[in-house]
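Below is one structure, written out as structure tokens; the observations come after it.
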Amino acid sequence: MERLHFLYNFLDLAGTFVFAISGAAAAKQRGLDLFGICAIAFMVACGGGIIRDLCIGAIPPAGLTNWHYLVAAIIATGMTIGLYPLVQRLNQPVIFFDALGLSLFAVTGAQKSLAYGHNAEVAVLLGITTAVGGGVLRDILLNRVPAILEKEIYASAALIGALIVVLGDHLKWLSSDWNSIIALIICFSLRLLALRYHWNLPVYSNEKTEQN
Amino acid sequence: MERLHFLYNFLDLAGTFVFAISGAAAAKQRGLDLFGICAIAFMVACGGGIIRDLCIGAIPPAGLTNWHYLVAAIIATGMTIGLYPLVQRLNQPVIFFDALGLSLFAVTGAQKSLAYGHNAEVAVLLGITTAVGGGVLRDILLNRVPAILEKEIYASAALIGALIVVLGDHLKWLSSDWNSIIALIICFSLRLLALRYHWNLPVYSNEKTEQN
Amino acid sequence: MERLHFLYNFLDLAGTFVFAISGAAAAKQRGLDLFGICAIAFMVACGGGIIRDLCIGAIPPAGLTNWHYLVAAIIATGMTIGLYPLVQRLNQPVIFFDALGLSLFAVTGAQKSLAYGHNAEVAVLLGITTAVGGGVLRDILLNRVPAILEKEIYASAALIGALIVVLGDHLKWLSSDWNSIIALIICFSLRLLALRYHWNLPVYSNEKTEQN
């Protein structure tokens, strides 16, 4: 329990940090001011988790009450502004950090929902929400159709990650820790492979189509 | 009580299903992928109800915890993709299903708020929210000004429907069931008549205008 | 306590009213219909507060349950439509009312969060949210990048106002009333000065930049 708790906290903070960097980079590229960059970074980092916490009744949301998250977002903003060449040198940093944050948040989101005693469906849906909620908020605020609805397997990877957490919790084949790590690795690999090989879910044109 | 409960559940599920079809059709026309279509369908179907449940303290929101809703959304997605010619043959299906879902949700939204012991104002406002919330979320996600703020009497029809539910609850002239059915029919007729005869609320140009 | 309560209620209603006017004016300029104008006015006026109330667990949100707010929003809508020449004569009314509402809401938002027993971070973040939440919702609904992320010191002024409330609460140098008034005046002056002299937060171009 102690170890799970530590792992959970660590994954959550790491996810916050990488999501904040991806948010800050997107906001900086868009030419927002210092506060705007910081706000988008915080929103991408904590937005999904805040929606999850409102839905599971964890009031006030951890993203608002725990200063670790705010500090992680501020440091990420400072790093993105001050060390931008470094952030840039990691080829396509936004996409890479985004994939890592996606996996981390899908797993921790599903876990927290289960820990609050909610059922498997809530855990899966809120795992996905935690993972993609911040990015959707970012795209809404930057006034574009959320990328997750159009691009390579993204939310679907979060779905897989959250499903593995919930299945592992029901079947109890492995300890929670190992189950989380496996869910994390599968979700992250799936996302990177989808990016590498341009895997996409089917799109339906407006002509007549058969049942898929 | 038993009968009301059954009616309430039935209306709620039917509303979910028709809203999901309207959402899936809009997302398909926009060229989103399979997950995107399913996500928009679920969002239109359950988004308004989830906002309502957060506001009345029904945690976790029924849209997340009750698998009926998710299944209804998935079936609606499958039908829209697989039987699109059928969905299309119903002339202007999106608009028709939208009007039906609007009426169903305004009524059930107001009822649920009253059932949780909140006052008449909360019931009316959340009736409207349940009815138009999903559509507003859809339009925000598809990056356009929500249609309900511009087009023929729409949210106003939901307002009338929710008002009738609240008035019926206070005056007790009829049983709850009959009151709901009347509210439903009036709201639905109002919306269809507005569509047929292009009834619009007044728009105020930027010149000097007198008090309306 | 009694006096603080009265001051708190008065500031909250005044803020609601001026925000509703700014919302109604923006919606009218955009050519929305009567319901659309009223909905945007209500959303700008109560949106930030509703998000705050969901986050601090004040269910149902005051914006929905207290008819004062709804009436204030409706009167503001009527005034904006009926007495538009008057509203217009106040040079740049939207911007002026917006600055007043911003200051009022940052202060009352931070105060309410503290009154519900939450910590300083929650109070500051939700003070900002109360202040800018409505305007962000307005810009999302009218389909543009929220102005607060780009323009002259705006959310930063709310941050200062909320910080002063929280600091005053911890240090107890002054009575709560005086502390609120000082926070209000500083936030409002800061915003007006920023508008007058075009103070902006730094924007980072996409070239290499040093740590700020």
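Protein chains in written order, with the numbering used here: chain V, 1 to 212; chain L, 213 to 424; chain D, 425 to 636.
For each residue, glycine too, the CB sits at the ideal point set by N, CA and C.
{"query": "Starting from L/N199, trace the alpha helix (DSSP H) both ways and give me its first and last residue.", "result": "What is shown of chain L runs 213 to 424, which leaves residue 199 of chain L out entirely."}
{"query": "Taking the alpha carbon of D/P626 as the reference point, which residue from V/D33, V/F17 and V/T16 has its own alpha carbon closest?", "result": "V/D33"}
{"query": "Please classify D/V414: does DSSP put it in a helix, a strand, or coil?", "result": "No statement about residue 414 of chain D is possible, as the shown extent of chain D runs from 425 to 636 and does not include it."}
{"query": "Three or more C-beta pairs under 8 angstroms: does that hold for the region 577-588 of chain D against the region 538-553 of chain D?", "result": "yes"}
{"query": "Mind checking if D/L456 is an interface residue toward chain L, Cβ cutoff 9 angstroms exclusive?", "result": "yes"}
{"query": "What does the Cβ neighbour count give for L/V230, buried or exposed, with the cut at 16 atoms within 10 Å?", "result": "buried"}
{"query": "In chain L, which residues lie with their C-beta within 7 angstroms of the C-beta of D/L566?", "result": "V357"}
{"query": "Nearest CA to the CA of L/N278: which residue from L/A288, L/I268 and L/G261?", "result": "L/G261"}
{"query": "Under the assumption that D/A534 contacts D/A547 (Cβ atoms under 8 angstroms), give the Cβ distance between them as a whole number of angstroms.", "result": "5 angstroms"}
{"query": "Can you find a C-beta in chain L that's less than 9 angstroms from the C-beta of D/P485?", "result": "yes"}
{"query": "Taking only the alpha-carbon atoms, compute the straight-line gap between L/V348 and D/A544 and give it to the nearest angstrom.", "result": "34 angstroms"}
{"query": "Which residue wins for smallest C-alpha separation from D/F430, given the options D/S600, D/R620 and D/Y621?", "result": "D/S600"}
{"query": "Please confirm whether L/L407 has its beta-carbon closer than 9 angstroms to some beta-carbon of chain D.", "result": "no"}
{"query": "Under 7 angstroms Cβ-Cβ, which residues of chain D neighbour V/A155?", "result": "In chain order: nothing, as chain D lies at least about 21 angstroms away."}
{"query": "Using a Cβ-Cβ distance under 9 angstroms, would V/T65 count as near chain D?", "result": "yes"}
{"query": "Hey, out of V/G134, V/Y154, V/I40 and V/G133, whose CA is closest to V/I74's CA?", "result": "V/I40"}
{"query": "By how many angstroms is the C-alpha of D/L595 removed from the C-alpha of V/L54?", "result": "31 angstroms"}
{"query": "Could you give the DSSP three-state label for D/V569: helix, strand or coil?", "result": "coil"}
{"query": "Let me know the beta strand (DSSP E) ranges lying completely inside the region 231-265 of chain L, each 3 residues or longer, listed in chain order.", "result": "none"}
{"query": "Taking the alpha-carbon of D/I610 as reference, which of D/I577, D/I505 and D/H492 has the nearest alpha-carbon?", "result": "D/I577"}
{"query": "Let me make sure I understand the geometry here. Which of L/A238, L/T320, L/F222 and L/N391 has the alpha-carbon closest to that of L/A284?", "result": "L/F222"}
{"query": "Less than 9 angstroms between CB atoms is the rule here; does V/L100 satisfy it with respect to chain L?", "result": "no"}
{"query": "So L/N331 contacts chain D; which residues on that side make the cut at Cβ distance below 8 angstroms?", "result": "T489"}
{"query": "Under the rule that 16 or more other beta-carbon atoms within 10 Å means buried, what is L/D224, buried or exposed?", "result": "buried"}
{"query": "How would you write the range of the alpha helix (DSSP H) that D/Y493 sits in, first residue to last?", "result": "W491 to G506"}
{"query": "Following the continuous alpha helix (DSSP H) through L/A374, name the residue where it begins and the one where it ends.", "result": "A367 to L383"}
{"query": "With distance defined between alpha-carbon atoms, name the residue in V/G82, V/L114, V/A115 and V/V132 nearest to V/F105.", "result": "V/V132"}
{"query": "Residues in the region 246-269 of chain L with C-beta within 9 angstroms of chain D's C-beta atoms, listed in sequence order?", "result": "L266, C267, I268 and G269"}
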